[in-house]
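Chemist:
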RNA sequence: GGAGGGGUGGCCGAGUGGUCGAAGGCGGCGGUCUUGAAAACCGCUGUGCGAAAGCACCGGGGGUUCGAAUCCCUCCCCCUCCGCCA
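In our numbering, the protein residues as written are 3 to 427.
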């Protein structure tokens, strides 16, 4: 959420941001509502009058006088208050709803663009692997090796699910452990194993609600399956005032992630790139505003460190304004080269949100007890998406005979296994 | 799930429907004292909106009343006991 003051004081900043994102939004309505809300604040004068008269009534009764004329006066004042309050409530409710639908303002350094075509590659590590045979996509290799099953997943749940089997399950678990161990022991993050279901308030906090409900799975009880660990982690400190000396707070969490992928029908339908359930180790930080850029860079480096340990060729992409997610003010994607698919695929998305989410979660900090609390900055990134990383390994480490070599860094996590071999005929 | 008991400021904890934004204590901040620290003593110490006056907030929402932290309804959460359960 954006500071309301901006709406009355610098609406042009918001208008420019909406233009850059290429987003339709009735900003004038918002400005009207905010102006009306301000007018209706005059009700406070009437409330002051009521408070004053009520005090007089109390004093009069205590003194044994007749309070009836005063009471009649308050009844009249109350009638006027109720009238104004009715409209005020209406205006505030609508204003609140619209505010929650207003996207974040991109940072000035974000390249202006329309869609992913305008994203900018800002770094690359390693070169796409060359093969002396035709590399195959992971959805051919995995099932052939018996480590990825689509048929059983369809029986259990339906389309867009996968079953990891045998060495496949071990491989994904090894990835989770490698990532968590590295982030906690080498990068200084605190490990969290949060709830995988979250309530409406928390989803509003991260800005998945109210606008993107159709992307989520909802339970009968009104809870939502988390689409990412960002949701529980960002809501860890709802309604708290943190000690500025303790910032940045750095958390990492493994969670399953659930996305209904409504409207994504047909896109990336093969393999395990887009599923209803996937697994991810997330990195998340609460920082002071002045630390944000530096901490985001470190967070991205922490995610990249995993790719380097796995010796996967990757590049870093800065998203343009048109490709930014709703809540983000700056996002960098990490893309790994998939030789079987013949393209770069996102395995991590690292974003900072400024105070956008912190306002919604009401997470603040102060440096000294006498300071006014101010909003923290939040940021997060995949460190990394496990399923996609596993697919990247399958494609990058495939051998001509159909086997997959286990990256060195994962072998200690797989009982020393160095290669996943096809089942004997 | 059933029965009972509770949710008050950073924490603990008072609070007869009227001058309660809320006693007291702890903690924190500032000061006196001290070579320094501790102890003692004194003062200050919630958040939001607003230029200010002021308004709002005692788990959330609604109601009764001239007036609600105090009464009523409802939801949520916590504790105890019972049941069920990985």
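Glycine is no exception: its CB is placed at the ideal position from the N, C-alpha and C atoms.
Here the structure is a predicted model, which is why all the values come from computation and not from measurement.
Consult DSSP for residue 83 and reduce its assignment to one of helix, strand or coil.
Modeler: Reading the first chain from its first residue, position 81 is the one you call residue 83. In the structure shown, residue 83 sits in a helix (DSSP, three-state: H, G or I).
Chemist: Can you name, in chain order, every residue of its own chain whose Cβ lies under 6 Å from the Cβ of residue 404, other than the five neighbours on each side?
Modeler: The count along the first chain starts at 1 and reaches residue 404 at position 402. In the same chain as residue 404, and ignoring 5 residues on each side of it, the C-beta atoms closer than 6 Å to its own belong to 146 and 424, in chain order.
Chemist: Assess contact between the region 245-252 and the region 207-223, defined as three or more Cβ pairs (one per stretch) separated by less than 8 Å. Is contact present?
Modeler: no
Chemist: Using a threshold of 8 Å, state whether the C-beta atoms of residue 422 and residue 312 are closer than that.
Modeler: Here residue 422 refers to the residue found at position 420 when the first chain is read from its first residue. Here residue 312 refers to the residue found at position 310 when the first chain is read from its first residue. No. Outside cutoff.
Chemist: Please classify residue 68: does DSSP put it in a helix, a strand, or coil?
Modeler: Against the first chain, residue 68 aligns to sequence position 66. Reduced to three states, the DSSP call for residue 68 is coil.
Chemist: Cα separation between residue 216 and residue 60?
Modeler: For this step, residue 216 is matched to residue 214 along the first chain. For this step, residue 60 is matched to residue 58 along the first chain. Their backbone Cα atoms lie some 55 Å apart in a straight line.
Chemist: What distance in whole Å lies between the Cβ atoms of residue 32 and residue 9, which are believed to be in contact at a cut-off of 8 Å?
Modeler: Numbered from its first residue, the first chain carries residue 9 at position 7. Numbered from its first residue, the first chain carries residue 32 at position 30. Confirmed, Cβ separation roughly 6 Å.
Chemist: Tell me the residue span of the alpha helix (DSSP H) that contains residue 12.
Modeler: Looking up residue 12 in the first chain gives position 10. Segment: none, residue 12 is in no alpha helix (DSSP H) and carries neither H nor E.
Chemist: If we ignore side chains and look at the alpha-carbon of each, how far apart do residue 293 and residue 102 end up?
Modeler: For the purposes of this step, residue 293 is taken as residue 291 along the first chain, with counting starting at 1. For the purposes of this step, residue 102 is taken as residue 100 along the first chain, with counting starting at 1. One C-alpha to the other measures close to 26 Å.
Chemist: Measure the alpha-carbon distance for residue 38 versus residue 20 and round it to whole angstroms.
Modeler: Position 36 of the first chain, counted from the first residue, corresponds to residue 38. Position 18 of the first chain, counted from the first residue, corresponds to residue 20. About 23 Å.
Chemist: From residue 5 to residue 120, what does the alpha carbon distance come to, in whole angstroms?
Modeler: Within the first chain, residue 5 is the residue found at index 3, counting from 1. Within the first chain, residue 120 is the residue found at index 118, counting from 1. In a straight line, the C-alpha of residue 5 is about 29 Å away from that of residue 120.
Chemist: Mind checking residue 339: buried by the 16 CB within 10 Å criterion, or exposed?
Modeler: Translated into positions along the first chain, residue 339 becomes position 337. So residue 339 counts as buried.
Chemist: Quick one: what does DSSP say residue 358 is sitting in, helix, strand or coil?
Modeler: For the purposes of this step, residue 358 is taken as the residue at position 356 of the first chain. Residue state, collapsed to three classes: helix.
Chemist: Quick one: measure Cβ to Cβ for residue 116 and residue 24, integer angstroms, because I've assumed they're closer than 8 Å.
Modeler: Numbered from its first residue, the first chain carries residue 116 at position 114. Numbered from its first residue, the first chain carries residue 24 at position 22. That pair is a contact at about 6 Å.
Chemist: Can you tell me whether residue 166 is buried or exposed, with buried defined as 16 or more other CB within 10 angstroms of its CB?
Modeler: Position 164 of the first chain holds residue 166. The residue is buried, with at least 16 neighbouring Cβ atoms inside 10 Å.
Chemist: When the Cα of residue 300 is compared with those of 363, 248, 383 and 178, which residue comes out closest?
Modeler: Taking the first chain and counting its residues from 1, one reaches residue 300 at position 298. When only C-alpha atoms are compared, the closest one is 383.
Chemist: Take residue 387 as the anchor and find which of 112, 308 and 202 has the nearest alpha-carbon.
Modeler: Along the first chain, read from residue 1 onward, the residue named residue 387 stands at position 385. Among 112, 308 and 202, the Cα nearest to that of residue 387 is on 308.
Chemist: Give the secondary structure of residue 191 by DSSP, where H, G and I count as helix, E and B as strand, and everything else as coil.
Modeler: Working through the first chain from its first residue, we reach residue 191 at position 189. In this structure, residue 191 counts as coil in the three-state DSSP scheme.
Chemist: Mind checking whether residue 375 and residue 206 have CB atoms under 8 Å apart?
Modeler: In the first chain, residue 375 corresponds to position 373, counting from 1. In the first chain, residue 206 corresponds to position 204, counting from 1. Cβ atoms of residue 375 and residue 206: not closer than 8 Å.
Chemist: Report the three-state DSSP secondary structure of residue 185 (helix, strand or coil).
Modeler: Walking along the first chain from the start, residue 185 turns up at place 183. Helix, per DSSP.
Chemist: Under DSSP, the alpha helix (DSSP H) around residue 33 begins and ends at which residues?
Modeler: For the purposes of this step, residue 33 is taken as the residue at position 31 of the first chain. Where residue 33 is concerned, the enclosing alpha helix (DSSP H) stretches over 29-42.
Chemist: Based on the DSSP secondary-structure assignment, which residues constitute the bridge partners of residue 49?
Modeler: The residue given as residue 49 occupies position 47 in the first chain. Beta-bridge pairing by DSSP links residue 49 to no other residue.
Chemist: Are residue 347 and residue 334 close, meaning C-beta to C-beta below 8 Å?
Modeler: As a first step, residue 347 is located in the first chain; it is residue number 345 there, counting from the start. As a first step, residue 334 is located in the first chain; it is residue number 332 there, counting from the start. No, the Cβ-Cβ distance between residue 347 and residue 334 is not below 8 Å.
Chemist: Name, in chain order, the residues that DSSP records as bridge partners for residue 287.
Modeler: To locate residue 287, count along the first chain from 1; it is residue 285. Bridge partners of residue 287: 252 and 381.
Chemist: Buried or exposed, going by whether 16 or more other CB atoms sit within 10 Å of the CB of residue 134?
Modeler: As a working mapping, residue 134 is identified with position 132 in the first chain. Residue 134 is exposed by the Cβ-count criterion.
Chemist: List the whole-angstrom C-beta distance separating residue 122 from residue 87, where the pair is believed to meet the contact cut-off of C-beta under 8 Å.
Modeler: Position 120 of the first chain, counting from 1, holds the residue named residue 122. Position 85 of the first chain, counting from 1, holds the residue named residue 87. Cβ atoms of residue 122 and residue 87 stay farther apart than 8 Å, at about 51 Å.
Chemist: Among 106, 314, 410 and 361, which residue has its Cα nearest to the Cα of residue 127?
Modeler: In the first chain, the residue the question calls residue 127 occupies position 125. For the set 106, 314, 410 and 361, the Cα lying nearest the Cα of residue 127 is the one of 314.
Chemist: My guess is that residue 412 and residue 177 are in contact by the Cβ rule of under 8 Å, so how many angstroms apart are they, rounded?
Modeler: The residue given as residue 412 occupies position 410 in the first chain. The residue given as residue 177 occupies position 175 in the first chain. 7 Å between Cβ atoms; contact.
Chemist: Do residue 130 and residue 409 have their CB atoms nearer than 8 Å?
Modeler: Position 128 of the first chain holds residue 130. Position 407 of the first chain holds residue 409. Not in contact: residue 130 and residue 409 (Cβ atoms no closer than 8 Å).
Chemist: From what residue to what residue does the alpha helix (DSSP H) around residue 1 run?
Modeler: Because the chain spans 3 through 427 in this model, residue 1 falls outside it and cannot be assessed.
Chemist: From residue 78 to residue 67, what does the alpha carbon distance come to, in whole angstroms?
Modeler: Along the first chain, one-based indexing puts residue 78 at 76. Along the first chain, one-based indexing puts residue 67 at 65. The straight-line gap from Cα to Cα measures roughly 21 Å.
Chemist: Enumerated in chain order, which unbroken segments of the alpha helix (DSSP H) with a length of 4 residues or greater are wholly contained in the region 205-244?
Modeler: 232-236
Chemist: Spatial neighbours of residue 272 within its chain, please: C-beta separation below 6 Å, excluding the five flanking residues on both sides.
Modeler: Start at 1 with the first residue of the first chain, and residue 272 comes out as number 270. For residue 272, where only same-chain residues beyond five positions count, the Cβ hits under 6 Å are 141.
Chemist: Can you check which of these residues, 257, 213 and 247, is closest to residue 445 by C-alpha distance?
Modeler: With the chain covering only 3 through 427, there is no way to say anything about residue 445.
Chemist: So if DSSP puts residue 294 in a beta bridge, which residue, or which two residues, is it bridged to?
Modeler: Indexing the first chain from 1 puts residue 294 at position 292. None; residue 294 has no bridge partner.
Chemist: Using beta-carbon positions only, say whether residue 114 and residue 323 come within less than 8 Å of one another.
Modeler: Counting from 1 along the first chain, the entry for residue 114 is found at position 112. Counting from 1 along the first chain, the entry for residue 323 is found at position 321. Between residue 114 and residue 323, the CB-CB gap stays under 8 Å.
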